[in-house]
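Residue numbers (our numbering): 67 to 234.
This is the structure we're talking about:
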């Protein structure tokens with residue numbers, strides 16, 4: 067089986083789209099670091115008790131390196147209307163810089179201080195509990211510290227066959 071065949075087969079699995087965010091140290095004089103964000107479709111619930119979620123990060127990516135250094139991160143479950151945000155943070159080679167968050171409404175998480183995207187269907191603040199290296203990715207399992215529903219009635223953004231999609 068080739069990588070292309072494997073990728074094509076898995077592209078037939080529809081996935082929700084989330085934005086994973088964190089703050090990168092060192093902190094500035096105001097106690098803040100640079101905001102880092104990454105679009106992800108490999109995200110799932112792991113456990114209800116305790117509340118755990120998992121995200122898969124490419125080994126050596128900026129987010130993988132950051133979450134190895136510091137344990138606090140956040141997730142925003144994107145709505146169908148937020149396709150532009152997913153696309154912006156999925157750009158190869160530009161996981162984050164200050165311009166990526168420019169003109170995007172967000173609030174800071176109370177626990178993580180990471181950006182939580184305004185209009186998201188749900189937001190979670192997490193603390194890393196475990197990291198598991200699996201091939202060319204690392205599975206980061208996080209304990210959910212807070213969960214909010216900023217826009218619970220919206221439709222989700224999904225990813226299927228290499229494209230962002232809406233239900234219906």
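C-beta atoms are modelled at their ideal positions from N, C-alpha and C, and glycine is treated no differently.
Computed from a prediction, not measured in an experiment: that's the story for all the values here.
Neighbourhood of residue 203 by C-beta distance below 7 angstroms, restricted to the same chain and skipping five residues each side: These residues qualify, in order along the chain: 122, 123, 124, 125.
Determine whether the beta carbon atoms of residue 146 and residue 232 lie at a separation below 8 angstroms. Yes, the pair counts as a contact, with Cβ atoms nearer than the cut-off.
Any chance the segment 123-143 sits against the segment 94-110, with 3 or more Cβ pairs inside 8 angstroms? Contact between the segment 123-143 and the segment 94-110 is established, with three or more Cβ pairs separated by less than 8 angstroms.
DSSP puts residue 181 in a beta bridge; with which residues? Residue 181 is bridged to 174.
Quick one: what does DSSP say residue 118 is sitting in, helix, strand or coil? strand
Kindly identify the DSSP beta-bridge partner or partners of residue 222. 145
Assign residue 168 to one of three DSSP states: helix, strand, or coil. coil
For residue 101, which residues does DSSP report across the bridge? 89
Check whether residue 174 and residue 117 have beta carbons under 8 angstroms apart: no
If we ignore side chains and look at the alpha-carbon of each, how far apart do residue 100 and residue 143 end up? 21 angstroms
Considering residue 191, what are the terminal residues of the beta strand (DSSP E) in which it resides? 188-200
DSSP three-state label for residue 153, please. helix
Report the residue from 76, 73, 223, 98 whose alpha carbon sits nearest the alpha carbon of residue 150. 223
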